[in-house]
Amino acid sequence: MNATTGVSNEPLAGKVALVVGASRGIGAAIGAAMARAGATVVLAARDRRALAQRVAEIEELGGQALALQVDVLAEDSVQGLLEEVARRHGRLDAAVNNFAGGGRPPAPLADWEAADFDSAVATDLRGVFLCLKFQLRLMAKNPHGGAIVNMSSTAGEQGVGGLAGYVASKFGVGGLTRVAALDYAAAGIRVNAIAPGPILTDRLAAAGPRAREMAAAAVPLGRVGRVEDVAAAAVWLCSAQSGFVTGTVLAVDGGRLAGVPAFAVNPGRRD
0 MNATTGVSNE PLAGKVALVV GASRGIGAAI GAAMARAGAT VVLAARDRRA LAQRVAEIEE
60 LGGQALALQV DVLAEDSVQG LLEEVARRHG RLDAAVNNFA GGGRPPAPLA DWEAADFDSA
120 VATDLRGVFL CLKFQLRLMA KNPHGGAIVN MSSTAGEQGV GGLAGYVASK FGVGGLTRVA
180 ALDYAAAGIR VNAIAPGPIL TDRLAAAGPR AREMAAAAVP LGRVGRVEDV AAAAVWLCSA
240 QSGFVTGTVL AVDGGRLAGV PAFAVNPGRR D
């Protein structure tokens, strides 16, 4: 317990937390943050080698972690993942579904092939549905309920030209999140989503300084986000500190969704 704030330094102590899509970037940061918050963490993704590295990093810091492979496009794989979590730990207290299909390059909607649209929906929306389906079944057995966080995007709260499949899928994630929150509130399970804005992941870093400058210029707070910013929000939403929060999409975007900043306004100036 922090003597100054009265907030526990390990808000997930004693909890079993699953992070799907934990091999790198935001998902890896969430897994590490969950472990620092006291949870026993299960990291899941397709890349077995990257997962092993994430587990080693957590264990080096004194945390507890387990790597399990999963393909979110395959229902039997997702079901098997949750069965293994139940076999290893007997329960599930928190889960984060963090993944997004790479998709095709941006293009006007009429230029999208149906196969590209279907691929985006399969990963970004159907994958979330499958994870929720089996996570909720296991979590509903807990007498104390639990918490689930789905990864959406600011593109799931406002349109982005050229990204028809991604935008449609992320809007759907918000809808699934709200439906699950309503369906399982009586079981004490809270379901929320996070909508990150521009975050300094490997993809943005690889795009170069100019791309990062342009992304930062579009953010009212004047910078791109860090993966740790999103991870902190995920830990909070999975902890008792957010115990009266469910069915919401939390923007972690530096103010991008707030609206359009006023032009040439200096809040410190008085004429």
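Its first residue numbered 0, the sequence shown is counted upward by one per residue in numbering that gives the first Met the number 0.
All residues carry an ideal CB built from backbone N, CA and C; glycine is no exception.
query = So does V244 have its beta carbon nearer than 7 Å to some heavy atom of the ligand FMN?
reply = The ligand FMN is absent from the structure shown, which contains no ligands of any kind.
**Study point:** V19 vs N97 beta-carbon contact at 8 Å
**Key:** Position 20 of the sequence shown holds residue 19. Position 98 of the sequence shown holds residue 97. Contact: yes.
Subject >> Local Cβ density within 10 Å of V259, reported as buried at 16 or more and exposed below that >> reply: As a first step, residue 259 must be located in the sequence shown, where it is residue number 260. Its Cβ having fewer than 16 others within 10 Å, V259 is exposed.
Item checked: Integer-rounded CB distance, given that A94 should sit under 8 Å from Q134 -> Counting from one through the sequence shown, the residue named residue 134 turns up at place 135. Counting from one through the sequence shown, the residue named residue 94 turns up at place 95. About 5 Å separates the two Cβ atoms, so the contact holds.
*asked:* Just to confirm, is the Cβ distance from A16 to C237 under 8 Å?
replied: Reading the sequence shown from its first residue, position 17 is the one you call residue 16. Reading the sequence shown from its first residue, position 238 is the one you call residue 237. Yes, the Cβ-Cβ distance between A16 and C237 is below 8 Å.
field: Nonlocal neighbours in the same chain, by C-beta distance under 7 Å from A186, ignoring five residues either side
entry: Numbered from 1 along the sequence shown, position 187 holds the residue referred to as residue 186. Correct list, in chain order: A139, G144.
*Other residues of its chain near A257: CB distance less than 8 Å, five sequence neighbours each side excluded*: Walking along the sequence shown from the start, residue 257 turns up at place 258. The answer, listed in chain order, is P219.
Checklist entry - Going by beta carbon distance, what residues of the same chain come within less than 8 Å of G158, once the five residues before and after it are set aside? => result Numbered from 1 along the sequence shown, position 159 holds the residue referred to as residue 158. Cβ neighbours of G158 beyond the five flanking positions: V166.
Check your understanding: Around the C-beta of G254, are 16 or more other C-beta atoms found within 10 angstroms, so that it is buried, or is it exposed?
Key -> Taking the first residue of the sequence shown as position 1, residue 254 is located at position 255. So G254 counts as exposed.
query: Apart from the five residues just before and just after D284, which ones in its own chain have a Cβ nearer than 6 Å to its Cβ?
result: The first residue shown for the chain is 0 and the last is 270, placing residue 284 beyond what the model contains.
- Message: Since S22 and A49 should fall inside the 8 Å C-beta cutoff, what is the C-beta to C-beta distance between them, to a whole number of angstroms?
- Response: Reading the sequence shown from its first residue, position 23 is the one you call residue 22. Reading the sequence shown from its first residue, position 50 is the one you call residue 49. The Cβ separation is near 4 Å, so the contact holds.
- Where DSSP assigns a beta bridge to N96, which residues make up the other side? For the purposes of this step, residue 96 is taken as the residue at position 97 of the sequence shown. Paired residue(s): V19, N149.
(request) Consult DSSP for L236 and reduce its assignment to one of helix, strand or coil. (result) As a working mapping, residue 236 is identified with position 237 in the sequence shown. Reduced to three states, the DSSP call for L236 is helix.
- N-terminal and C-terminal residue of the beta strand (DSSP E) that R189 is part of: Mapped onto the sequence shown, residue 189 falls at position 190. It spans 188 to 195 - the beta strand (DSSP E) in which R189 sits, taken as one unbroken run.
Status (buried if at least 16 other CB within 10 Å, exposed otherwise) for G207
As a working mapping, residue 207 is identified with position 208 in the sequence shown. Under this definition G207 is an exposed residue.
Legend entry - Bridge partner(s) assigned by DSSP for L42: Counting from 1 along the sequence shown, the entry for residue 42 is found at position 43. Answer by DSSP bridge pairing, in chain order: V18, A66.
Notebook entry, point to check: Cα separation between R125 and G61?
Noted result: Your numbering for residue 125 matches position 126 in the sequence shown. Your numbering for residue 61 matches position 62 in the sequence shown. Each residue's Cα considered, the two are about 35 Å apart.
**Q.** Inter-residue spacing [alpha-carbon to alpha-carbon] between L137 and R209
**A.** Within the sequence shown, residue 137 is the residue found at index 138, counting from 1. Within the sequence shown, residue 209 is the residue found at index 210, counting from 1. Cα to Cα, L137 sits roughly 46 Å from R209.
- Item | Residues near E83 in its chain [Cβ-Cβ closer than 7 Å; skip 5 each side] | Position 84 of the sequence shown, counted from the first residue, corresponds to residue 83. Here the set comprises L67.
Practice task
Run the CB neighbour count on P142, radius 10 Å, all protein chains shown included, and call it buried at 16 or more, exposed below.
Solution key: Looking up residue 142 in the sequence shown gives position 143. Result: exposed.
request  = Inspect the CB distances between the stretch 166 to 185 and the stretch 238 to 251 and report whether three or more fall short of 8 Å.
outcome  = yes
Q | Neighbourhood of A204 by C-beta, 8 Å cutoff - its chain only, sequence neighbours within 5 removed | A | Start at 1 with the first residue of the sequence shown, and residue 204 comes out as number 205. The answer, listed in chain order, is R211.
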